[in-house]
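What follows is a single structure, written as structure tokens, with notes after it.
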Amino acid sequence: APSDALKRLRYIGIEMEKKMFAATSGINTHKGLIFLLSLLLYGAGYSIYSKMDLTPENIAGNA
Numbered sequence: 811a812p813s814d815a816l817k818r819l820r821y822i823g824i825e826m827e828k829k830m831f832a833a834t835s836g837i838n839t840h841k842g843l844i845f846l847l848s849l850l851l852y853g854a855g856y857s858i859y860s861k862m863d864l865t866p867e868n869i870a871g872n873a
């Protein structure tokens, strides 16, 4: 359910963040981008799952 998605995305994002910091010697090179892309990919996936048109409005609305 969308209400549970943020918890799962947060866990995945934290793991991605750890890998980024390991690869960049602790420097935040793109943490905000990782978060934004995670939300947009979820919005796109949920739109497809819900058989909605894959439009920017639907993706953003489901993100």
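Residues in the sequence shown are numbered from 811 upward in steps of one, following our numbering.
Think of the CB as a built atom: it goes at the ideal place given N, C-alpha and C, for glycine as much as any other residue.
Query: To the nearest whole angstrom, what separates the beta carbons of G853 and A873, a pair I think is in contact under 8 Å?; Result: 3 Å
Query: Give a yes or no on whether the C-beta atoms belonging to S857 and L849 are separated by under 8 Å.; Result: no
Query: Please report how far the alpha carbon of E825 lies from the alpha carbon of Y859, in whole angstroms.; Result: 25 Å
Query: For M862 versus I844, is the C-beta distance shorter than 8 Å?; Result: no
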